[in-house]
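Protein chains in written order, with the numbering used here: chain V, 7 to 185; chain H, 12 to 660; chain G, 258 to 373. Idealized CB from N, CA, C, for every residue including glycine.
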Amino acid sequence: MVDWIVFLAGTLIALSGAIGVVTLPNPVHAALSLVLTLFGVAVLFVAQAAHFLAVVQVIVYAGAVVVLFLFVIMLLGVDRDEANIGAESLRAQKPAAAVIGVASIGLLVALSQVNFTTGAPSTAGAADGPGTNVEKIADSVFTRYVYAFEITSVLLVIAVVGAVLLARKPKPLTDEMTA
Amino acid sequence: MLSLVWLIPALPIFGATVLLLFGKRIGEPLAGWFGTAMVAGSFLISVGVFADLASKSAEERAYTKVLWSWLPSLGVDVALLANPLSMTMVLFVTGIASLIHVFAIGYMHGDPRFSRFFTYLNLFVFSMLMLIMGDNFVLMFLGWEGVGTCSYLLISFWFERPSAATAGKKAFVVNRVGDFGLMIAMFLIFNQTGSLQYHAVFRSIEENGIASSTATAICLLLFLGACGKSAQLPLYVWLPDAMEGPTPVSALIHAATMVTAGVYLMVRVHPLLELAPGVMTTIAWVGALTALFAATIATAQDDIKRVLAYSTISQLGYMFLAVGVGGNVAAIFHMVTHAFFKALMFLAAGSVIHGMHGVVVDEQNMKWMGNIKKWMPITTGTFLMGWLAISGFPPFSGFWSKDEVLLDAYKENKALWIIGLVTALLTAYYMTRQIVLVFFGKERFAADSHADARGHAHTPHESPVLMLLPLGVLAVLAVVGGAINQPFGGKNLAMKLEHWLDESFIPGTEIHAFVGSHGSVASGTKLTLAVIATLCGLAGIALGASQWLKRTTPESQAQLELPLLKRAYGVDALYSKIFEVPGRKFSEFLAFVVDRRGIDGVVNGMATLVRGGGNQLRKLQNGYVRSYALSIAGGLVALLVWAIVRTGF
Amino acid sequence: MTQAQGAVLVDKASSGPGGQWFLAVAAVLFTIGMVGLLLRRNVIVMFMCVELMLNAVNLTFVTFARMLNDIGGQVVVFFIMVVAAAEVVVGLGIIVSIFRGRKIGTTADNAVLLKG
């Protein structure tokens with residue numbers, strides 16, 4: 007019973023946040039809706055015994071990524087309403103999006119009903135069983151997937167360097183350069 | 012010596028290659044002497060081979076030297092056949108070619124493309140030798156085409172002159188018509204006998220026989236080829252224009268060698284020819300009519316070389332007349348003597364032209380000459396020898412050979428004999444006209460005022476020794492050449508062309524190489540005929556001399572020079588109307604309609620199609636990120652559908 | 258039913274929502290994100306929709322980890338989060354460099370230089 011309530015609560019929060027992201031005209035409002043969604047998804051993670059991930063979700067996603075979004079919104083000044091922007095310039099976009107949306111929901115839900123289990127034993131270790139969730143994830147990451155782990159850390163460094171380079175303002179031409 | 016027979020064509024082609032690669036470096040006059048040495052070497056070896064062959068008995072006089080295997084499916088190898096016919100021709104071809112090479116060293120002095128000239132000359136001699144000495148039709152055809160090509164190259168040697176370039180083209184194209192006939196004939200021969208080698212073909216025909224229609228077709232087509240190469244009706248039109256080439260070329264190719272290739276071909280295939288009597292009659296009549304036709308035109312020409320060109324056509328007509336009535340020996344005999352005196356006269360004309368250079372504007376126009384005997388006595392003397400030979404004046408060589416031809420014609424058909432006589436009269440007449448206009452009478456070149464401004468000599472000068480020497484040798488040959496086939500002495504006279512050619516036959520068959528002429532006549536009749544022919548010749552000389560010594564004004568001269576004859580019966584204009592204009596229209600149709608609109612249209616249309624398609628596809632790339640996202644989403648839906656279908660939900 | 262130390266009790270045998278329900282939620286979340294990407298023109302909001310889709314995917318993986326009893330699903334999510342974070346960093350850097358200094362109201366529809 008409790009599970010159902012938790013599930014419904016999480017779902018409600020997530021979906022309302024999602025709809026908010028998509029429909030709210032003000033980007034700052036949309037960012038805050040996103041936070042709502044992320045929180046809902048974290049609840050759903052917990053409901054599935056993925057405690058570590060739920061925490062990481064809240065800290066990294068809701069805490070860092072969304073803040074980053076807000077920084078950029080403020081930096082670029084795109085916080086004004088989109089209502090002034092004007093009519094849709096691509097005429098086929100709205101009807102096509104509607105069709106695609108309906109189609110993909112139907113198809114995905116239908117696909118999700120299919121039974122995919124083959125009965126083969128797990129590759130990375132059991133999800134349930136003795137031990138905390140963190141222990142199990144740590145076990146996996148640092149033994150079986152340690153290479154991926156190291157490489158993703160390198161990836162993060164590269165991303166940071168790249169972002170710094172990308173966002174640099176181009177140097178203004180001095181008189182010496184135009185001589 | 013016989014085994015060295017391969018050197019005979021090998022030397023000239025070696026010479027041609029060396030001169031092609033290094034000619035410019037060797038330079039004048041060494042290039043000329045080198046070319047001459049090659050051809051002279053060929054001549055010496057052919058003398059040796061001839062002697063070797065003569066020492067054999069009659070049955071063995073056919074020596075084939077196989078150089079290497081070539082086209083087994085056609086039954087041909089690269090092989091040279093040394094038999095009496097080929098050796099006779101090789102001897103006079105290489106001999107006269109050597110003399111002309113020497114002459115050309117002097118004549119072409121100062122020409123910027125001196126060594127190139129000798130390259131072409133050597134290449135020509137090689138082609139002609141391959142034509143004569145090849146033991147199969149394919150090699151003969153190789154030589155045939157080779158001489159055609161060299162003729163083209165040499166006629167248009169001074170290609171800066173548009174008339175020379177056009178003349179070369181004309182020669183090539185008209186020859187092609189004949190070559191077409193020759194090729195079809197070769198196809199038919201192969202179809203009939205399964206081989207293209209002379210001996211194999213003749214053997215097969217003797218064993219298996221041949222339908223007379225096939226034989227007629229083959230012989231007619233071969234004769235078409237011969238007409239083209241030897242300038243008979245109706246394919247003679249290229250020879251007068253071919254005089255645009257340098258005079259040594261006219262002497263070598265268009266008097267002594269290439270134009271005789273047609274006669275040679277007909278004589279070579281005479282076993283086949285005798286199986287198609289209708290064709291032989293045709294050949295005889297075409298030859299006779301050509302002889303008459305060309306002789307009439309020659310009486311009204313002003314250019315010294317054109318007279319000789321039409322004279323060549325006329326004399327070739329005699330040779331074909333002989334072939335057509337079965338007189339192969341007479342044909343070859345006349346070919347040899349004609350080579351001597353015609354080459355002599357051409358070279359002498361060249362000497363006159365060379366001497367008149369700078370004295371008048373048009374050094375080839377006889378109307379501006381006159382009394383050359385005073386200024387160029389040696390040239391005059393040699394030319395007169397040739398004149399007497401061609402007019403059939405006994406005992407010069409032309410008398411003996413023309414008499415043989417007329418005798419054979421008389422045996423076959425009196426009408427042909429009459430035509431031959433009339434032509435002989437005309438021949439003597441126009442040749443006399445020519446020598447009177449050129450060498451005798453009053454000097455007319457002083458009246459040409461144009462030459463004064465150029466500061467050249469005002470009088471003609473004799474040619475250098477290098478040019479006079481060949482003239483002398485040829486003059487001697489023109490005088491005594493008749494000795495190779497005297498009609499008296501019977502079989503006792505060892506040196507008789509008739510026996511030499513007669514008693515060779517094709518190994519393995521009963522065919523004799525030469526059947527000789529049909530029937531025989533009493534020696535009394537022979538003498539009568541000879542006297543009649545001589546009288547005709549003398550009448551012609553008398554007519555020519557009497558008329559032309561006294562007619563010195565243009566008006567009086569024009570009385571004897573019918574405009575129709577001057578225009579050569581307007582044949583060239585007629586051909587132009589029939590062939591050239593529609594041909595050009597057709598080419599323009601092909602070029603502008605078929606090629607430009609049709610083919611280019613298809614190609615351009617492909618390009619337009621691709622471009623149009625690309626333009627349409629371009630609309631997918633509209634720059635909007637959202638529409639790209641839409642495409643991705645659409646793809647996603649498609650994948651999902653596929654997944655559903657696969658799981659069979 | 259085993260009880261691990263400090264683990265939240267998840268009773269598989271009880272009548273909680275099965276994996277399919279969570280998958281359905283993830284599907285809806287994903288579709289909402291996709292439609293938002295197609296329809297919104299503000300670049301930052303479009304990016305946020307991408308984040309929505311990523312979250313839906315994460316939810317799917319976790320669900321499968323539970324359904325198939327394989328911790329690998331959760332490990333994948335771990336990595337997805339890392340990479341998504343890096344992606345956000347770089348993506349926002351690109352957006353900043355493209356849209357910096359433009360007048361207010363520039364949307365994704367204004368960046369059409371790649372039009373062929």
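Start and end residues, beta strand (DSSP E) containing residue i
i               : result
tryptophan 79/H : 74-82
leucine 89/H    : At residue 89/H the sequence reads valine, which differs from the leucine that was named. First-last of the beta strand (DSSP E) with valine 89/H: 87-93.
Under 8 Å from the C-beta of residue i: neighbouring residues of chain V
i             : result
alanine 322/G : Gln54, Ala56, Ala133
Test item: CB-CB of residue i and residue j under 7 Å
i                   : j                   : result
alanine 178/H       : alanine 108/H       : no
leucine 276/H       : glycine 189/H       : no
serine 162/H        : alanine 182/H       : yes
alanine 311/H       : lysine 561/H        : no
isoleucine 19/V     : leucine 42/V        : yes
leucine 355/H       : glycine 392/H       : no
methionine 34/H     : asparagine 133/H    : Before going further, note that residue 34/H is glycine rather than methionine in the sequence given. Result no, Cβ atoms of glycine 34/H and asparagine 133/H do not sit closer than 7 Å.
valine 319/G        : valine 333/G        : no
leucine 284/H       : methionine 291/H    : yes
glutamate 473/H     : glycine 381/H       : no
leucine 140/H       : proline 20/H        : yes
glycine 409/H       : phenylalanine 352/H : yes
methionine 197/H    : phenylalanine 148/H : yes
phenylalanine 456/H : valine 371/H        : yes
Cross-chain neighbours of residue i in chain G, by beta carbon under 8 Å
i               : result
isoleucine 25/V : Ile289
isoleucine 19/V : Correct list: empty, because the minimum Cβ distance to chain G is about 11 Å.
Limits of the unbroken alpha helix (DSSP H) element including residue i
i                  : result
aspartate 252/H    : 249-252
methionine 139/H   : 125-144
arginine 577/H     : In the sequence as displayed, the identity of residue 577/H is lysine instead of arginine. Note, lysine 577/H: alpha helix (DSSP H), 574-577.
glycine 189/H      : 173-204
methionine 367/H   : 339-367
lysine 8/H         : With chain H covering only 12 through 660, there is no way to say anything about residue 8/H.
alanine 284/G      : 276-296
phenylalanine 61/H : 41-66
methionine 305/G   : 300-325
Closer than 7 Å at the beta carbon, the chain H residues around residue i
i             : result
glycine 373/G : Arg629, Gln632
valine 314/G  : Here the premise fails: no neighbours, minimum Cβ distance about 13 Å.
leucine 309/G : None at all; the shortest Cβ gap to chain H is about 14 Å.
valine 369/G  : Gly634, Tyr635
Buried or exposed by the 16-neighbour rule on C-beta atoms within 10 Å, applied to residue i
i                : result
tryptophan 411/H : buried
leucine 370/G    : exposed
glycine 4/H      : No statement about residue 4/H is possible, as the shown extent of chain H runs from 12 to 660 and does not include it.
lysine 360/G     : exposed
threonine 47/H   : buried
asparagine 626/H : exposed
threonine 129/V  : exposed
glutamine 203/H  : buried
aspartate 373/H  : exposed
aspartate 88/H   : buried
asparagine 503/H : Low local confidence applies: a pLDDT of 41 at asparagine 503/H is under 50, so the model's placement there is unreliable, and no value is given.
proline 259/H    : buried
valine 621/H     : exposed
threonine 317/G  : buried
glutamate 255/H  : buried
valine 652/H     : exposed
Under 7 Å from the C-beta of residue i: neighbouring residues of chain V
i             : result
alanine 281/G : Val115, Ser118
alanine 284/G : Ile111, Leu114, Val115, Ser118
CB contact check: residue i to chain A, cutoff 7 Å
i                  : result
phenylalanine 51/V : Looking for chain A here will not work: the only protein chains present are V, H and G.
Partner residues on chain H for residue i, Cβ-Cβ distance less than 9 Å
i            : result
leucine 96/V : Asn633, Tyr635, Arg637, Ser638, Leu641
9 Å Cβ cut-off: residues of chain V touching residue i
i             : result
leucine 295/G : Gln99, Lys100, Ala102, Ala103, Ile106, Gly107
glycine 273/G : Met7, Val8, Asp9, Trp10, Val12, Phe13, Ala53
Proximal residues of chain G, C-beta to C-beta of residue i below 7 Å
i            : result
leucine 40/V : Met305, Glu308
Legend entry - Selection of the region 623-646 of chain H by Cβ proximity to chain G, strictly under 7 Å: Answer in chain order: Arg629, Gln632, Asn633, Gly634, Tyr635, Val636, Arg637, Ala640, Leu641, Ala644.
Inset, instruction - Check each residue of the region 140-172 of chain V: if its Cβ is closer than 7 Å to any Cβ of chain G, include it; give the result in chain order. - result: Of all residues in the region 140-172 of chain V, Lys142, Ile143, Ser146, Val147, Tyr151, Ala154, Thr158, Leu161, Leu162, Ala165, Val166, Gly168, Ala169, Leu172 have a Cβ within less than 7 Å of some Cβ in chain G.
Legend entry - Within 7 Å of chain H by C-beta, residues of the region 330-343 of chain G in sequence order: none
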